[in-house]
Amino acid sequence: MSQTRSDLRTIQPSARIALLSDIHGTSSDLDLSRLRARRLQQAIEAINGECPDAVLVAGDLTENGDREDLAGIRTRLDLLNAPWYAVPGNHDVGPKAGIADDQPTSIGTAAYEEVMGPSCYTATVGPVRITGLNTSLLGSGLPEESAQWRTVERDAEPLPGPFRILLLHYPLFADHEREEAGSYWSLDPEPRQRLMAAILRADHHLIVSGHLHRPFVREWRGRALIGAPAIAFGLPPNDRSVGWMRLTVGGDGRVTAEERPLAVADEVR
Ligand SMILES: [Fe+2]
Ligand SMILES: [Fe+2]
Numbered sequence: 000m001s002q003t004r005s006d007l008r009t010i011q012p013s014a015r016i017a018l019l020s021d022i023h024g025t026s027s028d029l030d031l032s033r034l035r036a037r038r039l040q041q042a043i044e045a046i047n048g049e050c051p052d053a054v055l056v057a058g059d060l061t062e063n064g065d066r067e068d069l070a071g072i073r074t075r076l077d078l079l080n081a082p083w084y085a086v087p088g089n090h091d092v093g094p095k096a097g098i099a100d101d102q103p104t105s106i107g108t109a110a111y112e113e114v115m116g117p118s119c120y121t122a123t124v125g126p127v128r129i130t131g132l133n134t135s136l137l138g139s140g141l142p143e144e145s146a147q148w149r150t151v152e153r154d155a156e157p158l159p160g161p162f163r164i165l166l167l168h169y170p171l172f173a174d175h176e177r178e179e180a181g182s183y184w185s186l187d188p189e190p191r192q193r194l195m196a197a198i199l200r201a202d203h204h205l206i207v208s209g210h211l212h213r214p215f216v217r218e219w220r221g222r223a224l225i226g227a228p229a230i231a232f233g234l235p236p237n238d239r240s241v242g243w244m245r246l247t248v249g250g251d252g253r254v255t256a257e258e259r260p261l262a263v264a265d266e267v268r
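Residue 32 in numbering that gives the first Met the number 0 sits at position 33 of the sequence shown, with consecutive numbering throughout.
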């Protein structure tokens with residue numbers, strides 16, 4: 000996959016990151032449960048074989064946010080040798096505001112956090128600083144949204160050292176940054192603009208996301224935007240590519256992204 004230039008600051012040493020997403024773990028359908036568990040296991044073994052410094056999981060860990068499914072995915076992710084960091088997706092905590100929902104996002108978030116820990120955080124791993132956000136809350140107006148903005152905006156001053164990564168589920172935009180409100184696929188314009196301003200202020204170098212179930216690598220204002228392929232199934236539905244991504248951050252701030260497809264049995268859907 001193509002190489003994307005992040006910014007030009009000197010960063011040292013380099014870091015290796017594994018990015019996976021959209022596991023959609025479920026125990027309600029036995030065939031899907033086995034298939035997706037096999038795919039996740041295959042990805043975990045491949046990732047462990049490449050010895051990354053950290054693993055990022057970009058949301059939709061489960062199909063419907065079921066507590067036991069979340070706990071099961073957590074147990075499997077603990078088989079990773081590297082430290083891993085996850086954020087919730089719309090299937091875990093409910094969708095962003097304005098999309099039909101049968102579960103208030105604040106309740107979904109509380110249930111997720113009981114099993115997985117905070118859905119919004121910062122963490123430092125070697126030369127990398129990760130900010131994880133619960134993007135379903137952005138633009139919701141819920142009290143929990145304020146904590147998200149405090150985390151991302153409190154952290155908004157550029158730092159001299161770490162390579163900064165923002166971990167999202169919803170991408171900033173699916174195809175172009177002027178996408179209108181109400182899209183299923185990306186953040187709405189208001190939270191998108193606010194988040195973009197924070198990204199530029201904080202000098203986040205790399206923004207990774209899930210949700211689209213198809214990989215992409217883009218450059219946006221000198222930053223790298225990278226979308227993860229899914230573990231569970233590719234989109235559009237006849238696209239059978241599933242897998243994860245290996246990201247390498249060079250000492251010069253360059254990000255190299257390589258897709259790692261899984262060789263898998265037939266999907267049953
Ligand atoms: Fe998904
Ligand atoms: Fe999603």
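Positions of the beta carbon are idealized from the N, C-alpha and C atoms, including for glycine.
Is residue i helix, strand or coil by DSSP?
i           : result
residue 64  : coil
residue 173 : coil
residue 19  : strand
residue 184 : coil
residue 260 : strand
residue 151 : helix
residue 178 : coil
residue 213 : coil
residue 196 : helix
residue 92  : helix
residue 250 : coil
residue 79  : coil
residue 208 : strand
residue 116 : coil
residue 164 : strand
residue 71  : helix
residue 57  : coil
residue 220 : coil
residue 48  : helix
residue 25  : coil
residue 201 : helix
residue 98  : coil
residue 227 : coil
residue 138 : coil
Say yes only if the C-beta of residue i is nearer than 6 Å to one or more non-hydrogen atoms of ligand 2, and no if none qualify.
i           : result
residue 133 : no
residue 210 : yes
residue 89  : yes
Going straight from the alpha carbon of residue i to that of residue j, what length do you get?
i           : j           : result
residue 185 : residue 198 : 16 Å
residue 221 : residue 174 : 17 Å
residue 180 : residue 188 : 6 Å
residue 124 : residue 203 : 15 Å
residue 112 : residue 104 : 12 Å
residue 37  : residue 227 : 19 Å
residue 18  : residue 196 : 24 Å
residue 254 : residue 56  : 18 Å
residue 31  : residue 25  : 7 Å
residue 241 : residue 171 : 22 Å
residue 146 : residue 205 : 22 Å
residue 140 : residue 224 : 26 Å
residue 252 : residue 183 : 32 Å
residue 48  : residue 126 : 21 Å
residue 22  : residue 91  : 11 Å
residue 201 : residue 29  : 44 Å
residue 59  : residue 250 : 32 Å
residue 117 : residue 248 : 26 Å
residue 88  : residue 176 : 20 Å
residue 53  : residue 144 : 27 Å
residue 79  : residue 245 : 14 Å
For residue i, count neighbouring Cβ atoms within 10 angstroms of its own Cβ and tell me buried if that reaches 16, exposed if not.
i           : result
residue 119 : buried
residue 20  : buried
residue 190 : buried
residue 27  : exposed
residue 42  : buried
residue 68  : buried
residue 106 : exposed
residue 74  : exposed
residue 110 : buried
residue 149 : exposed
residue 131 : buried
residue 71  : buried
residue 236 : exposed
residue 82  : exposed
residue 142 : exposed
residue 257 : exposed
residue 62  : buried
- Item | Pocket of ligand 1 (residues with CB nearer than 5 Å to any heavy atom), chain order | 21 and 59
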